[in-house]
Every structure is written in structure tokens, then in C-alpha cells.
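Heads up: the sequence shown begins at 954 in the working numbering, then just goes up one per residue. Only one structure is covered here, and it is reproduced in the block below.
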Amino acid sequence: MDESLHNNQTIINYLDGLMNPEEQAAFEKQMTQDPALKEQVESLRVAVEAVRQSATRERVSTIHQEMMKELKTQQSPAKVTGISRVLRYTIGAAAAVLILFIGIQTFRYLSNTPGKLYNETFVDYSLSSVRGAGDNASLVENDYRTQAYNDVIKDASKAGLSQKDSFLVAISYLKTGNLPTAITWLEQVNASSPFAKDAQFYLSLAYLKNKNYSEALGMMRIIRNDANHPYHENISGELVEKVRKLQ
């Protein structure tokens, strides 16, 4: 067996913890006397550690087996060949780590789309909780109750909308996907209405889905920082952080 292959096999045994105490002590002493050997060990250590930290056990095993196969089938007396093998192994491991990193970042990006976060956070506004609901319900409220959101929007053109009606019109625009108009109505409700707290929650989501991330984040922080806000529990710290990363 040539010296280069012997060294590489010994290094692998050392890194894998396969040496007995005497062999380990002797090898470590040899490293102190041979700077080139120490450099080889460190190169392999960095590569193996990178794979262990960032890839799966199966991937580590596969790379290890491929290297062992190459070491057994390619024997050259030139010392530079051993170094090139280490270099190829290092580059291969780095490439695997890079691919994994890109995959993780892509997954995180796709997991944090505005639409996905909106759908995960959105809760239907129930008329059973509307203040003052009863026999004297308005046309807007009756249409909203039957989920006739387009009719609610048509009702908005009629004069004499109550504050409750205005809020329901805003939600109807949101539910039908007209985000700019929904935002306009919700901002008006938020400015001065008994439904301001409700409007803040839905306004934060409308901002988010419309990709107005700064506005969404600001509104969400208001809700999150107010322990008494009725939607405090709906806006988690994790959600706020995800929206922050979208900016």
C-alpha cells in the first residue's frame, strides 16, 4: 500500500474514532512532527464536520463510502495525488452543503409567502359576536350573514351606513380579494369606530397579503404588544418575525 493511501486511511480511522488509545496517541504525536499530515487531517476534519452539521447521516455515509471506494481503486505513489483526493472530497462536501443550504433557504422562502401566512392567520368574523346584533339587523348585516359579500359591497353605495355596516363592508372587500379597497375601508374604521380593534387585525392581514410589509409589521406589533388586545393571541411572535423577514 502506498504511503498516500495509508495516510488517508489512517486519517479516516482517526476522524471516525476507530483507533485504540495507543494508536491515537502515536498518530497525534506524528501530526506534531509532520505539518503536511496535520494539514491533511484538518482539511478532512473541516469537510467531515461541515457535512455532519448540515447534511443528513445518510448523506455523510454516502460521501464516506465514495471516498473509501476511490481510495481503494486509485493508488498513486505521488504525494500530490493524496492531496488532490482530499481536495476533491472537500469540494464535494462543500457542494453538498451548498445544495442543502440553498434547498433550506428555498423551503423557508416558500413557507413564508404572504398568501400562506395570511391563510394561516385569518379567522372569520362571526356575526354572533357583533355588538348589537338582533332583530333590527341592517341589510348589510343580513347579506353578510348569508355570506353574500358581493351584495354587501353593493349595499355600501347606499347612504346611512352604521359603523358596524362599514366594518362589514371592509371585511367583504377583503373576502372578495379587493385588497386596496379593503385597506381603505379598514383604515377608516380603525381611525374612529367601536370596531377599531377588529379593524386593526384584519388591516394587518390586508397589508400583509397586499405585500405592504412595513405597514403589516407595524400593525401586528401594536396588537402583539397589547396583552389586552382581543386579537393578541392571533398575532404570535413567530408570525411577527416571519413578516419581518419578508421586508
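By construction, the Cβ of each residue, glycine as well, lies at the ideal position given by its N, Cα and C atoms.
When Ile1106, Asn973, Gly1113, Glu1194 are compared, the shortest CA-CA separation from leucine 1161 is found for Glu1194. Excluding its 5 nearest sequence neighbours in each direction, arginine 1174 has C-beta neighbours in its own chain below 8 Å: Val1193, listed in chain order. The shortest C-alpha to C-alpha distance from proline 1183 to any of Glu995, Ala1109, Tyr1102, Ala1149 is the one to Ala1149. Here threonine 1074 carries a helix assignment [DSSP, helix/strand/coil]. According to the DSSP assignment, leucine 1192 belongs to the alpha helix (DSSP H) that extends over 1190-1199. If you look at lysine 982, you'll find it in the alpha helix (DSSP H) that goes 974-986. The C-beta of asparagine 1072 has fewer than 16 other C-beta atoms within 10 Å across all chains shown, which makes the residue exposed. Residue environment for asparagine 1089: exposed (fewer than 16 other C-beta atoms within 10 angstroms of its C-beta). Valine 1076 counts as exposed, since fewer than 16 other beta carbons sit within 10 angstroms of its beta carbon.
For serine 1157, the enclosing alpha helix (DSSP H) covers residues 1149-1162. Following the DSSP letters along the chain, one finds serine 1091 in no alpha helix (DSSP H), marked with neither H nor E.
The continuous alpha helix (DSSP H) containing leucine 1127 extends over residues 1116-1128. From the listed residues Gln983, Lys1069, Asp987, the smallest Cα separation to asparagine 1163 is found for Lys1069.
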